[in-house]
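Notes to accompany the following structure.
Numbering (our numbering), first residue to last: -7 to 123.
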């Protein structure tokens, strides 16, 4: 059942993909879903599993990040790396999260824009150091 919302609602998926950004010479890609966006698109957190794969599939992207604003004042951060050169778990651990080298996440206090800025800076620094 997970992710079926997006597969059956291409307009909703288009809206989400419209928030896509790139950094670090195209090696970093991310998108975000605000609470207002989730309400407008009628999606639930469980619908969002697998969305990050859209970013990871892009040629040249090494690290993909999905930011999801939660109702408790935190932002759910999901990170994926295409190879072990960039350890996304190390980045997430800096924000109280965990996982493993290729897939990690965290729930970070702050606004969507604040958290996005902090995580993107760390991810870009890791990419620049390691690629």
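Glycine included, each C-beta is placed from N, C-alpha and C at the ideal position.
Scanning the region 43 to 83 from its first residue to its last, the whole alpha helix (DSSP H) runs of 4-plus residues come out as 44 to 48.
The C-alpha of residue 7 is placed about 21 Å away from the C-alpha of residue 106. Secondary structure note for residue 24: its beta strand (DSSP E) is the uninterrupted segment 20 to 25.
Excluding its 5 nearest sequence neighbours in each direction, residue 94 has C-beta neighbours in its own chain below 6 Å: 73, listed in chain order. A residue is called buried when at least 16 other Cβ atoms come within 10 angstroms of its Cβ; residue 119 meets this threshold and is buried. Here residue 100 carries a strand assignment [DSSP, helix/strand/coil].
Using a Cβ distance threshold of 9 Å, residue 78 and residue 122 count as a contacting pair. Here residue 86 is exposed. Its C-beta has fewer than 16 other C-beta atoms within 10 Å. Listed in chain order, the non-local C-beta contacts of residue 14 below 7 Å within the same chain comprise 20 and 21, local neighbours out to five positions each way being set aside.
If you check the CB distance, residue 60 and residue 67 come in under 9 Å. Across the set 10, 64 and 114, the C-alpha of 114 shows the shortest separation from the C-alpha of residue 84.
In the three-state reduction of the DSSP assignment, residue 95 falls in the strand class, which pools E and B.
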